[in-house]
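Take a look at the structure below.
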Amino acid sequence: MRLIRILFVCLCLPALSWAQAGINVRAQTLGEVLVDFERRAPAEVKALNDSSISAEVSAVVQSVHADVGKVVEKGELLLELNKNDYRLNLEQAEANLASSQARLDQALAKLNRAQKLGDKQYISADELLERETDVMVSQAQIQVNEVAVAIARRNLDKCSLRAPFDGVVVERMAQVGSFVRNGDPLLAVTQVDQFELDAEIPDSQADELLNTDFLHFESRGESWPVELLRLSPVIDAQARTRKARFTFGGAAPAVGRSGELVWRVGAGMLPANLISRRDGILGVFLLDGGKSRFEPLPDAQEGRPVRVNLPAGTQVITMGRERLQDGVAVSVQ
Numbered sequence: 045m046r047l048i049r050i051l052f053v054c055l056c057l058p059a060l061s062w063a064q065a066g067i068n069v070r071a072q073t074l075g076e077v078l079v080d081f082e083r084r085a086p087a088e089v090k091a092l093n094d095s096s097i098s099a100e101v102s103a104v105v106q107s108v109h110a111d112v113g114k115v116v117e118k119g120e121l122l123l124e125l126n127k128n129d130y131r132l133n134l135e136q137a138e139a140n141l142a143s144s145q146a147r148l149d150q151a152l153a154k155l156n157r158a159q160k161l162g163d164k165q166y167i168s169a170d171e172l173l174e175r176e177t178d179v180m181v182s183q184a185q186i187q188v189n190e191v192a193v194a195i196a197r198r199n200l201d202k203c204s205l206r207a208p209f210d211g212v213v214v215e216r217m218a219q220v221g222s223f224v225r226n227g228d229p230l231l232a233v234t235q236v237d238q239f240e241l242d243a244e245i246p247d248s249q250a251d252e253l254l255n256t257d258f259l260h261f262e263s264r265g266e267s268w269p270v271e272l273l274r275l276s277p278v279i280d281a282q283a284r285t286r287k288a289r290f291t292f293g294g295a296a297p298a299v300g301r302s303g304e305l306v307w308r309v310g311a312g313m314l315p316a317n318l319i320s321r322r323d324g325i326l327g328v329f330l331l332d333g334g335k336s337r338f339e340p341l342p343d344a345q346e347g348r349p350v351r352v353n354l355p356a357g358t359q360v361i362t363m364g365r366e367r368l369q370d371g372v373a374v375s376v377q
């Protein structure tokens, strides 16, 4: 019996010693542990214009003046199609116009003579009407031929493809000597001097962009401040996201750069990993005179940072919280 008592005392001594020493914990001031709560969404720098330059007429590619990677200016010649057929079409249209103009001159001369004879009643009213009709028909034919000349000249101009804006040639599909049809893509040009940041924002978070004071684009360890331009009210039915466009205030990355849009939801918030649950209540453990004190946080949510209304010097228990309860003695390491 005496042996049993001795064993019992030996077993209780470590527990008694542990209770007197308290649970080992680590603590930091509230000001040291507060963080800024940020959200992130994938984003990409996109050109305002990214155009595929297509043939507007059917012809053989005669020459290509801009290859992939070349920086081009608005109006610069990029590619030429063979113009021979369209030059002949223009000459034919101009000849038809000249012919119709000659017929109009003849019709006007006949009408003039008919009017003089009509005054002396040497010609019938029907013949005079016929002369007047010939003039109107000739005038109408001139209008038709003028349109034909304009179309032929426009088709000839379409044989020369020019840059629609300042940019860079990013793709070449045309090959010299190949026959292309109306609508075939020949070159792709991307605008590099006008661009925006494009991001897909979860609908549940999109409105936060309207109130945040911190918007940045991060990519490959670099960061650029951005400003919100437009937030689409339309929600993508499948992804449940909304499109947002941003502009760069100063220096900006190259078009095509991908990364993340970062925005701050709240500053000076208690990290989610320091929030504990006791008896169904969320709160934080504080160091108070050698003991733990459980401070309930009514606004706290699982897995999310929360604002706390406590002095910056408050000691927050950061490690060793797993076995803590309110009012337990602790030993700060």
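Quick note, the numbering used here runs 44 ahead of the 1-based positions in the sequence shown. Every residue gets a Cβ at the ideal spot worked out from N, C-alpha and C, and that includes glycine.
DSSP three-state assignment for residue i, whether helix, strand or coil
i, result
"S320", "strand"
"V77", "helix"
"L368", "coil"
"R157", "helix"
"S144", "helix"
"D242", "strand"
"R198", "helix"
"Q219", "coil"
"R351", "coil"
"Q185", "helix"
"Q72", "strand"
"Q282", "coil"
Cutoff 6 Å; reference residue i; Cβ partners in own chain excluding five residues on either side
i, result
"Q238", "L92"
"R274", "R289"
"L368", "F329 and S336"
"A158", "I167, L172 and R175"
"L205", "I97, L122 and L123"
"L354", "L74"
Distance between residue j and residue i (C-alpha atoms, nearest Å)
i, j, result
"L231", "N156", "58 Å"
"Q185", "N140", "9 Å"
"A87", "M313", "26 Å"
"V188", "A283", "54 Å"
"Q235", "W268", "20 Å"
"A243", "A316", "26 Å"
"S30", "G119", "Here the chain has residues from 45 to 377 only, and residue 30 is not among them."
"S302", "V89", "6 Å"
"D201", "A194", "10 Å"
"V360", "L259", "30 Å"
"V270", "D228", "38 Å"
"G347", "F81", "12 Å"
"D129", "A146", "26 Å"
"E117", "A295", "22 Å"
Residue range of the unbroken alpha helix (DSSP H) whose run includes residue i
i, result
"I167", "That residue, I167, is in no alpha helix (DSSP H); it is neither H nor E in DSSP."
"L231", "Here L231 belongs to no alpha helix (DSSP H); instead the beta strand (DSSP E) covers P229 to Q235."
"D247", "D247 to A250"
Same chain, Cβ closer than 8 Å to residue i, five either side skipped, listed in chain order
i, result
"T358", "T73, L74 and L330"
"V372", "G66, I67, K335 and S336"
"V53", "Any reading at V53 must be qualified, since the residue scores a pLDDT of 43, below 50, and its modelled position is unreliable; the value itself is stated next. There are no such residues."
"S263", "P297, R301, S302, G303 and E304"
"V104", "L125, N126, G221, S222, F223 and V224"
"K114", "V212 and V213"
"L253", "I245, L259, L272, L275, A288 and W307"
"Q208", "The sequence shown places Pro at residue 208, rather than the Gln named in the question. N93, S95, I97, K118 and V233, listed in sequence order."
Beta strand (DSSP E) segment containing residue i, residue limits
i, result
"T285", "T285 to F292"
"L377", "Looking at the sequence shown, residue 377 is not Leu but Gln. Looking at the DSSP string, Q377 is not in any beta strand (DSSP E), and its letter there is neither H nor E."
"G310", "S302 to M313"
"T362", "Q359 to M363"
"P340", "K335 to P340"
"D210", "Per DSSP, D210 belongs to no beta strand (DSSP E) and is neither H nor E."
"R274", "E266 to L275"
"H260", "L259 to S263"
"A103", "A103 to V108"
Cβ-based neighbour list, residue i, same chain, cut-off 7 Å, excluding 5 preceding and 5 following
i, result
"N226", "A99, E100, V101 and S102"
"E176", "L155"
"H109", "L121, L122 and L123"
"V112", "V213, V214, E215 and R216"
"L152", "V179"
Minimum Cβ-Cβ distance from residue i to chain D less than 7 Å
i, result
"I279", "No chain D is part of this structure, which consists of one protein chain only."
Checklist entry - Any chance the region 316–331 sits against the region 284–295, with 3 or more Cβ pairs inside 8 Å? => result no
Next on the checklist: Would the region 118–136 count as touching the region 244–252 if we require 3 or more Cβ pairs under 8 Å?
Outcome noted: no
Checklist entry - Does the count of Cβ pairs from the region 187–203 and the region 137–151 closer than 8 Å reach three? => result yes
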